[in-house]
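Chains as they are written, first to last, in the numbering used here: chain A, 13 to 219; chain B, 13 to 219.
Protein chains: 2
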Amino acid sequence: MPIGEAIFTQRAIRRLKSDPIPDDVLETILQAARRAPSGGNLQPWRFLVVRDPELRRQLAECYVAAWWHRRRAMGITKAEDMPRDNSSGMAALYFTTDAEHFSRAPVHILVCNVSQADNVMTACQNLMLAARALGIGSTITRIGEPSDERVHELFSIPPEVDATLCIPLGYPLGKFGDAARKPMSELAFLDRWNQPGPWLDTLLTAR
Amino acid sequence: MPIGEAIFTQRAIRRLKSDPIPDDVLETILQAARRAPSGGNLQPWRFLVVRDPELRRQLAECYVAAWWHRRRAMGITKAEDMPRDNSSGMAALYFTTDAEHFSRAPVHILVCNVSQADNVMTACQNLMLAARALGIGSTITRIGEPSDERVHELFSIPPEVDATLCIPLGYPLGKFGDAARKPMSELAFLDRWNQPGPWLDTLLTAR
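1) Identify which residue in A:K29, A:L181, A:A104, A:Q128 has its Cα closest to the Cα of L54 (chain A).
2) Can you look up F201 (chain A) in the DSSP assignment and give me helix, strand or coil?
3) With H, G and I counted as helix, E and B as strand and the rest as coil, what does DSSP make of A24 (chain B)?
4) May I ask which residues mark the beginning and end of the alpha helix (DSSP H) holding I41 (chain B)?
5) Starting from F59 (chain B), trace the beta strand (DSSP E) both ways and give me its first and last residue.
6) Under 8 angstroms, CB to CB, which of the residues in the stretch 126 to 142 of chain B have a partner in chain A?
7) Under 9 angstroms between the Cβ atoms of P171 (chain B) and A77 (chain B)?
8) Would you check if the distance between the CB atom of V123 (chain A) and the CB atom of C178 (chain A) is smaller than 9 angstroms?
9) Check the Cβ-Cβ distances between E39 (chain A) and every residue of chain B, and say whether any is below 9 angstroms.
10) Using only CA atoms, which one of B:G186, B:L105, B:E66, B:L146 lies nearest to R204 (chain A)?
11) What would DSSP say about V123 (chain A), mapped onto helix, strand or coil?
12) Show which residues of chain B have a CB atom less than 9 angstroms away from the CB atom of D203 (chain A).
13) So the beta strand (DSSP E) P180 (chain A) belongs to, where does it begin and stop?
14) First and last residue of the alpha helix (DSSP H) that includes T108 (chain B)?
15) In three-state terms, what does DSSP make of T217 (chain B)?
16) Using a Cβ-Cβ cut-off of 9 angstroms, state whether W80 (chain B) counts as contacting chain A.
17) Taking the alpha-carbon positions, what's the G104 (chain B) to R26 (chain B) distance?
18) Comparing C-alpha positions only, which one of A:F107, A:M140, A:H113, A:E112 sits nearest to I121 (chain A)?
19) Could you have a look at R144 (chain A) and say whether DSSP puts it in helix, strand or coil?
20) Determine, for A48 (chain A), whether the minimum Cβ-Cβ distance to residues of chain E falls below 9 angstroms.
21) Apply the 10 Å Cβ neighbour rule to R84 (chain A) and answer buried if 16 or more other Cβ atoms are within range, or exposed otherwise.
22) Count Cβ pairs between the stretch 131 to 139 of chain B and the stretch 36 to 54 of chain B that sit closer than 8 angstroms; are there 3 or more?
23) Would you decide whether E89 (chain A) is buried or exposed? Buried here means 16 or more other CB atoms lie within 10 Å of its CB.
24) Based on the DSSP secondary-structure assignment, which residues constitute the bridge partners of R150 (chain B)?
25) Checking the sheet assignment: what are the DSSP bridge partners for P14 (chain A)?
26) Can you tell me whether D31 (chain A) is buried or exposed, with buried defined as 16 or more other CB within 10 angstroms of its CB?
27) For P170 (chain A), which of helix, strand or coil comes out of DSSP?
28) If distances are taken between C-alpha atoms only, which option among B:C74, B:G101, B:A142, B:V61 comes closest to A223 (chain B)?
29) Please list, in chain order, the chain B residues whose beta carbon lies closer than 8 angstroms to that of K194 (chain A).
30) For R154 (chain B), which residues in chain A fall below 9 angstroms Cβ to Cβ?
31) Using a Cβ cut-off of 9 angstroms (strictly closer), state whether P14 (chain B) contacts chain A.
32) Contact criterion: CB-CB distance below 9 angstroms. Does T151 (chain A) meet it with respect to chain B?
33) Rounded to whole angstroms, how far is the Cβ of R58 (chain A) from the Cβ of L199 (chain B), which I believe are closer than 8 angstroms?
34) Under 9 angstroms between C-beta atoms, does I148 (chain B) make it to chain A?
35) Can the beta-carbon of R23 (chain B) be found closer than 9 angstroms to that of A191 (chain B)?
Written out as structure tokens, the structure is:
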């Protein structure tokens with residue numbers, strides 16, 4: 013797949029089939045993630061691939077508990093409380109109102125971070141772009157408190173290793189495609205903050 | 013370009029020609045960066061594209077000062093002090109022993125972060141992969157103290173916005189290609205920390 017097609021049709025995919033992901037496909041995805049750049053070539057990432065059904069079921073519980081924990085801190089205690097204009101939050105409800113939707117993903121990848129000094133997002137993005145190119149949907153989910161200790165126990169992850177990021181992978185029920193983004197005029201400046209560049213007229217074209 | 017080729021031949025490119033990057037090429041690179049995913053679709057990134065030669069010269073001074081500031085804190089005060097086995101640090105010397113090497117890049121992109129809650133690395137990775145696909149080399153550099161205030165002043169960046177990451181872009185003098193990475197057996201586990209997966213034998217193949 014051309015890289016442009018992968019980049020411009022990547023979107024968060026949560027509605028997944030339970031069909032398994034073949035070993036060789038998973039290999040390619042992991043190789044792409046491994047190839048990502050990092051500061052000082054530290055490679056702070058470790059990919060904990062979760063395929064065991066019972067572990068995936070428990071991981072889903074951890075995720076749902078942590079997601080609602082953060083929402084309660086915002087005064088959101090049930091799906092009906094979610095502001096309708098928060099499209100990202102509304103979409104997340106698919107995973108968080110039914111843990112089975114989350115655990116249905118045939119593979120979850122915990123992208124762990126063994127460094128305090130760097131982050132793992134270049135590897136996450138390579139991983140998701142390679143998945144997209146292979147017809148597999150993904151999105152980054154965050155676990156964290158109050159599930160953090162349980163996640164570490166479930167997978168025997170050393171306590172000093174960060175294990176908050178989880179990418180569920182699966183063949184999509186829906187379609188890849190466009191995603192809402194701010195207009196380029198809000199995002200890109202030339203030589204000075206807020207100064208428009210020569211490219212802005214064409215850049216505003218939707219893709 | 014196929015996404016696999018872009019991902020598997022991306023490497024840090026610092027030896028750059030001064031040839032300009034056409035507007036339409038820069039547009040495509042910025043569009044790819046804009047398209048990156050972010051938590052809650054916050055899109056915390058702002059791309060400050062630096063083309064003005066005098067600004068690029070001053071930005072290079074900021075970078076070199078900050079890089080040596082961090083090295084001095086490690087007891088490294090000159091190129092000869094750099095451990096030879098630190099290949100990433102050795103490679104960085106090309107930019108940091110001669111500011112003209114850094115300012116020679118025809119375009120620098122300051123990838124600013126307007127959020128405290130998220131990072132900008134998915135956008136950086138999209139940007140660099142799109143650049144790679146278009147034959148343009150890049151690497152992520154970090155500025156920061158003691159140059160931080162000067163960077164904000166040079167480009168009128170609001171003080172609350174993080175402006176430490178800078179990606180120099182240019183057509184390479186050298187070649188794209190492989191990059192050293194840890195073996196997959198150190199990076200990927202199945203269902204349990206440190207437990208090898210079925211893919212490991214083939215994954216160790218160099219690419």
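All C-beta atoms in this analysis are idealised placements derived from N, C-alpha and C, irrespective of residue type, glycine included.
Reading it off the structure:
1) Position 42 of the first sequence, counting from 1, holds the residue named residue 54 (chain A). Of the listed residues, the one whose Cα sits closest to L54 (chain A) is A:Q128.
2) What you label residue 201 (chain A) is simply residue 189 of the first sequence in a count that begins at 1. Assigned with DSSP and collapsed to three states, F201 (chain A) falls in strand.
3) The residue you call residue 24 (chain B) lines up with position 12 of the second sequence. Here A24 (chain B) sits in strand by DSSP.
4) Counting from 1 along the second sequence, the entry for residue 41 (chain B) is found at position 29. Its alpha helix (DSSP H) spans residues 35 to 46.
5) Taking the first residue of the second sequence as 1, we reach residue 59 (chain B) at position 47. Here the beta strand (DSSP E) through F59 (chain B) covers 57 to 62.
6) N131, M133, T134, C136, Q137, N138, M140, L141, A142
7) Taking the second sequence and counting its residues from 1, one reaches residue 171 (chain B) at position 159. Taking the second sequence and counting its residues from 1, one reaches residue 77 (chain B) at position 65. No, the Cβ-Cβ distance between P171 (chain B) and A77 (chain B) is not below 9 angstroms.
8) Start at 1 with the first residue of the first sequence, and residue 123 (chain A) comes out as number 111. Start at 1 with the first residue of the first sequence, and residue 178 (chain A) comes out as number 166. A contact, by the Cβ cut-off of 9 angstroms.
9) Indexing the first sequence from 1 puts residue 39 (chain A) at position 27. It does; some Cβ of chain B falls within 9 angstroms.
10) Counting from one through the first sequence, the residue named residue 204 (chain A) turns up at place 192. With distances taken between Cα atoms, R204 (chain A) lies closest to B:E66.
11) Numbered from its first residue, the first sequence carries residue 123 (chain A) at position 111. It is a strand residue.
12) One-based indexing of the first sequence puts residue 203 (chain A) at position 191. Simply L60, V61, V62, R63, D64, L67, F167.
13) By 1-based counting over the first sequence, the position of residue 180 (chain A) is 168. Where P180 (chain A) is concerned, the enclosing beta strand (DSSP E) stretches over 174 to 182.
14) Locating residue 108 (chain B) in the second sequence gives position 96, counting from the first residue. Start and end: 99 to 108.
15) Looking up residue 217 (chain B) in the second sequence gives position 205. For T217 (chain B), the predicted model reports a pLDDT of 42, less than 50, meaning its position is unreliable; a value from the coordinates is still stated below. Correct three-state label for T217 (chain B): coil.
16) If you number the second sequence from 1, residue 80 (chain B) lands on position 68. No, no contact with chain A.
17) Locating residue 104 (chain B) in the second sequence gives position 92, counting from the first residue. Locating residue 26 (chain B) in the second sequence gives position 14, counting from the first residue. According to the sequence provided, residue 104 (chain B) is Ala. The question's Gly does not apply to it. Going from the Cα of A104 (chain B) to the Cα of R26 (chain B) covers about 8 angstroms.
18) Reading the first sequence from its first residue, position 109 is the one you call residue 121 (chain A). Of A:F107, A:M140, A:H113, A:E112, the residue nearest in Cα terms is A:M140.
19) To locate residue 144 (chain A), count along the first sequence from 1; it is residue 132. Residue state, collapsed to three classes: helix.
20) Among the protein chains of the structure shown, namely A and B, there is no chain E.
21) Along the first sequence, one-based indexing puts residue 84 (chain A) at 72. By the 10 Å Cβ count, R84 (chain A) comes out exposed.
22) yes
23) Sequence index remark: in the first sequence, residue 89 (chain A) carries index 77 (1-based). This sequence places Thr at residue 89 (chain A); Glu is not what is there. Classification of T89 (chain A): exposed, given that the 10 Å Cβ count is below 16.
24) Start at 1 with the first residue of the second sequence, and residue 150 (chain B) comes out as number 138. It should be noted that the sequence gives Ser, not Arg, for residue 150 (chain B). In the DSSP output, where bridge partners are listed per residue, S150 (chain B) has B:A24, B:L181.
25) Stepping through the first sequence from its first residue, residue 14 (chain A) is reached at position 2. Paired residues: B:P14.
26) By 1-based counting over the first sequence, the position of residue 31 (chain A) is 19. Exposed: under 16 other Cβ atoms inside 10 Å.
27) Taking the first sequence and counting its residues from 1, the one referred to as residue 170 (chain A) is at position 158. P170 (chain A) falls in the coil class under three-state DSSP.
28) The requested residue 223 (chain B) is not part of the displayed model; chain B covers only 13 to 219.
29) Taking the first sequence and counting its residues from 1, the one referred to as residue 194 (chain A) is at position 182. Ordered by position in chain B, the residues that pass the 8 angstroms Cβ test against K194 (chain A) are R46, Q55.
30) In the second sequence, residue 154 (chain B) corresponds to position 142, counting from 1. Within chain A, the residues near R154 (chain B) are G51.
31) As a working mapping, residue 14 (chain B) is identified with position 2 in the second sequence. Cβ-Cβ to chain A under 9 angstroms: yes for P14 (chain B).
32) The residue given as residue 151 (chain A) occupies position 139 in the first sequence. Taking a beta-carbon distance threshold of 9 angstroms, T151 (chain A) counts as an interface residue toward chain B.
33) On the first sequence, position 46 is the one that residue 58 (chain A) refers to. On the second sequence, position 187 is the one that residue 199 (chain B) refers to. Beta-carbon to beta-carbon, R58 (chain A) and L199 (chain B) are separated by about 6 angstroms, close enough to satisfy the 8 angstroms threshold.
34) Working through the second sequence from its first residue, we reach residue 148 (chain B) at position 136. Not a single CB atom of chain A sits nearer than 9 angstroms to the CB of I148 (chain B).
35) Position 11 of the second sequence, counted from the first residue, corresponds to residue 23 (chain B). Position 179 of the second sequence, counted from the first residue, corresponds to residue 191 (chain B). Cβ atoms of R23 (chain B) and A191 (chain B): closer than 9 angstroms.
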